[in-house]
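*Asks:* Just so we're aligned: the sequence shown equals residues 3 to 309 in our numbering.
Glycine residues also receive a C-beta, built at the ideal position from the N, C-alpha and C atoms.
Before I ask anything, here is the structure I am working with.
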Amino acid sequence: MKVNSLHALLIVCTMISSCGGDGTNSIKPVVMQTDFGLKDGAVSAMKGVAFSVDPALPLFDLTHEIPAYNIWEAAYRLSQTVPYWPAETVFVSVVDPGVGTDRQSVVARTKSGHYIVTPDNGTLTLLADEIGIESLREINEAVNRRAGSSGSYTFHGRDVYAFTAAKLAAGKIRFEEVGPELKRDVIKIPYQRASISNNIITGSIPILDIQYGNAWTNIPDSLIKQANIKAGDTLSIKIFHKDSLIYEDLIPFVHTFGEVPEGKPLGYLNSLMNFSIAINMGSLAKERNVGAGNDWSLTLMRTNGRE
């Protein structure tokens with residue numbers, strides 16, 4: 003009986019310690035992404051700083067395999083992931099080739115209620131366009147910086163971002179205490195937005211499904227429907243890098259890869275319900291020299307004449 007009572011007491015204490023005065027959980031998840039990789043101790047150091055703020059923090063990894071300095075891919079991975087996490091989750095994104103310069107360190111609150119701790123260097127581009135930024139605050143490093151780190155200029159991910167994110171997620175500071183509000187738009191990277199004109203759809207290839215070499219576009223299912231494209235139709239596609247035509251083909255629009263012979267190209271809707279191009283059991287990226295980024299674009303249209 004004493005053991006059971008002690009166990010129950012521990013459960014109650016744990017619940018109380020992780021709850022605010024209104025009974026709601028005051029500790030929020032922290033999700034980290036960087037271009038650091040996992041070969042050294044950088045990511046572990048960031049997590050150590052966060053746990054030093056509050057050992058009860060739930061820490062998760064989005065990815066640490068963003069290609070070095072690739073701000074665009076960081077922007078995409080956030081837009082791909084943020085909508086699936088609960089409101090008030092705190093994301094840390096550190097792809098920061100301008101570390102130590104006059105670029106601003108910020109916390110953004112999205113219209114969906116998520117927080118993003120990051121350098122304002124284009125990382126917030128797609129979240130701003132797809133979800134919307136409700137408020138943007140510059141991190142006041144006089145109060146939101148790891149103690150004893152003022153002489154360090156090249157690891158703000160550890161000293162500023164992980165520290166500030168942990169304080170915010172643990173309820174040690176409110177969003178308003180991050181620093182002064184910035185009355186401006188976030189810095190954005192230019193790219194081709196998805197559009198339709200005369201049943202010709204234009205869009206970009208923001209990312210590759212890197213494991214398989216599929217080209218994921220930003221063309222949503224809604225534009226596919228607007229163009230009256232249905233499974234079984236033949237599509238004319240053209241893929242450009244800047245102003246150069248890289249790949250042109252006629253491909254079937256299907257539900258899934260196995261509907262075409264092995265080695266043949268196809269168009270389909272990916273898990274985000276965006277139009278994508280693949281080769282069944284092959285790599286479009288390798289076999290057709292297709293890349294991704296803000297300077298890759300495409301056009302597509304239905305060609306089989308169905309009304």
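1) Three-state secondary structure (DSSP) at M1?
2) Could you check where the alpha helix (DSSP H) with D114 kicks off and where it finishes?
3) Exposed or buried, which one is N1 when buried takes at least 16 other CB atoms within 10 Å?
4) Would you call H116 buried or exposed, if buried means 16 or more other Cβ atoms sit within 10 Å of its Cβ?
5) Going by beta carbon distance, what residues of the same chain come within less than 6 Å of S151, once the five residues before and after it are set aside?
6) Just reading off the beta strand (DSSP E) that I281 is part of, what are its end residues?
7) Contact check, V97 vs A76 under 8 Å by CB: the rounded distance?
8) Here's a check: name, in chain order, each residue in its chain whose Cβ is nearer than 8 Å to the Cβ of V256, leaving out the five neighbours to either side.
9) Give, in chain order, every unbroken run of the beta strand (DSSP E) that is at least 3 residues long and sits entirely within the stretch 197-229.
10) Entirely within the stretch 154-202 and at least 4 residues each: give me those alpha helix (DSSP H) ranges in chain order.
11) If you count every other CB in all the chains shown that lies within 10 Å of the CB of L2, and 16 or more means buried, which is it?
12) Which residue from G293, E178 and F157 puts its Cα closest to that of G102?
13) Mind reading off the beta-carbon distance from L210 to A294? Whole number of angstroms is fine, and I expect it under 8 Å.
14) Leaving out five residues on either side along the sequence, give the residues of the same chain with a beta carbon under 6 Å from the beta carbon of L302.
15) Starting from the C-beta of S278, find all residues in its chain whose C-beta is less than 8 Å away, skip the five residues before and the five after it, and write them out in chain order.
16) Drop a sphere of 10 angstroms on the beta-carbon of G181, count the other beta-carbons inside from all chains shown, and report buried for 16 or more, exposed for fewer.
17) By alpha-carbon positions, which one of A47, R79, W74 and Y155 ends up nearest to N296?
18) With C-beta atoms as the reference, is K169 less than 8 Å away from N201?
19) Hey, A149 and V32: beta-carbon distance below 8 Å or not?
20) L274 to K30, Cα distance in whole Å?
21) Provide the residue span of the alpha helix (DSSP H) that contains I53, from first to last.
22) Once DSSP output is grouped into helix, strand and coil, what is the label at D63?
23) Helix, strand or coil: which one does DSSP assign to E261?
24) For a test of the three-state rule: what should DSSP assign to L126, helix, strand or coil?
25) What is the rounded straight-line gap between the Cα of V55 and the Cα of S28?
26) If I measure Cβ to Cβ from H243 and keep anything under 6 Å in the same chain, skipping five residues before and after, which residues do I get?
27) Whether or not the stretch 59-70 and the stretch 107-127 are in contact is what I'm after, with contact meaning three or more pairs of Cβ atoms, one per stretch, closer than 8 Å; do they touch?
28) Check T26 in the structure and name its three-state DSSP category.
29) The beta strand (DSSP E) spanning T301 covers which residue range?
30) Under a Cβ-count criterion, where at least 16 other Cβ atoms within 10 Å of its own Cβ denotes burial, should Y155 be classed as buried or exposed?
31) Since R139 sits in a beta bridge, which residues does DSSP pair it with?
32) Can the beta-carbon of Y286 be found closer than 8 Å to that of G205?
33) Going by CA-CA distance only, name the one from D63, F259, E143 and N276 that's closest to W87.
*Replies:* Concretely, from the data shown:
1) What the structure shows of the chain is the stretch from 3 to 309, and residue 1 is not part of that stretch, so it cannot be assessed.
2) If you number the sequence shown from 1, residue 114 lands on position 112. Strictly speaking, residue 114 in this sequence is Ser, with Asp absent from that position. That residue, S114, is in no alpha helix (DSSP H); it is neither H nor E in DSSP.
3) A question about residue 1 goes unanswered here, because the residues of the chain that appear run from 3 up to 309.
4) As a working note, residue 116 is residue 114 in the sequence shown. The residue in question, H116, is buried, as its Cβ has 16 or more Cβ neighbours within 10 Å.
5) For the purposes of this step, residue 151 is identified with residue 149 of the sequence shown, where counting begins at 1. So the list reads D161, once near-sequence residues are dropped.
6) By one-based count along the sequence shown, residue 281 stands at place 279. Counting along the chain, the beta strand (DSSP E) containing I281 begins and ends at N276 to I281.
7) In the sequence shown, residue 97 corresponds to position 95, counting from 1. In the sequence shown, residue 76 corresponds to position 74, counting from 1. Rounded, the Cβ-Cβ distance is 4 Å, consistent with contact.
8) In the sequence shown, residue 256 corresponds to position 254, counting from 1. Only A233, G234, V262, L268, G269 and Y270 meet the Cβ criterion.
9) 197-199, 202-206, 209-211 and 216-222
10) 165-171
11) Absent from the structure is residue 2, since the part of the chain shown begins at 3 and ends at 309.
12) Residue numbering aside, residue 102 sits at position 100 when the sequence shown is read from its first letter. Ranking G293, E178 and F157 by Cα distance to G102 puts F157 first.
13) Translated into positions along the sequence shown, residue 210 becomes position 208. Translated into positions along the sequence shown, residue 294 becomes position 292. Contact holds; Cβ gap of about 5 Å.
14) For the purposes of this step, residue 302 is taken as the residue at position 300 of the sequence shown. Closer than 6 Å at Cβ, skipping near neighbours: I203, L237 and I239.
15) Position 276 of the sequence shown, counted from the start, is the residue given in the question as residue 278. For S278, where only same-chain residues beyond five positions count, the Cβ hits under 8 Å are D211, N216, A217, W218, T219, G269, Y270, L271 and N272.
16) Start at 1 with the first residue of the sequence shown, and residue 181 comes out as number 179. By the 16-neighbour rule on beta-carbons within 10 angstroms, G181 is buried.
17) Working through the sequence shown from its first residue, we reach residue 296 at position 294. Per the Cα distances, W74.
18) Counted from its first residue, the sequence shown places residue 169 at position 167. Counted from its first residue, the sequence shown places residue 201 at position 199. The answer is no: Cβ separation not under 8 Å.
19) Locating residue 149 in the sequence shown gives position 147, where the first residue counts as 1. Locating residue 32 in the sequence shown gives position 30, where the first residue counts as 1. Contact: no.
20) Stepping through the sequence shown from its first residue, residue 274 is reached at position 272. Stepping through the sequence shown from its first residue, residue 30 is reached at position 28. Cα to Cα, the separation comes out at about 25 Å.
21) Mapped onto the sequence shown, residue 53 falls at position 51. The residue asked about is misnamed: residue 53 is Phe in this sequence, not Ile. A44 to V55 is the extent of the alpha helix (DSSP H) around F53.
22) One-based indexing of the sequence shown puts residue 63 at position 61. Note: D63 maps to strand in three-state DSSP.
23) Working through the sequence shown from its first residue, we reach residue 261 at position 259. Reduced to three states, the DSSP call for E261 is helix.
24) As a first step, residue 126 is located in the sequence shown; it is residue number 124 there, counting from the start. Coil, per DSSP.
25) Here residue 55 is taken as the residue at index 53 of the sequence shown, counted from 1. Here residue 28 is taken as the residue at index 26 of the sequence shown, counted from 1. C-alpha separation (whole angstroms): 14 Å.
26) Counting from one through the sequence shown, the residue named residue 243 turns up at place 241. Excluding sequence neighbours, H243 sits near W298.
27) no
28) Here residue 26 corresponds to residue number 24 of the sequence shown, with the count starting at 1. Unreliable placement is indicated for T26, whose pLDDT of 46 sits below 50; the coordinate value is still reported in the next sentence. T26: coil per DSSP, three-state reduction.
29) On the sequence shown, position 299 is the one that residue 301 refers to. W298 to R304 is the extent of the beta strand (DSSP E) around T301.
30) In the sequence shown, the residue the question calls residue 155 occupies position 153. It is exposed - the Cβ of Y155 has fewer than 16 other Cβ atoms within 10 Å.
31) For the purposes of this step, residue 139 is identified with residue 137 of the sequence shown, where counting begins at 1. In the DSSP output, where bridge partners are listed per residue, R139 has V109 and E183.
32) Against the sequence shown, residue 286 aligns to sequence position 284. Against the sequence shown, residue 205 aligns to sequence position 203. Note on identity: in this sequence residue 286 is Leu, with Tyr being the wrong assignment. For L286 and G205, no; Cβs fall outside 8 Å.
33) On the sequence shown, position 85 is the one that residue 87 refers to. Nearest C-alpha to W87: D63.
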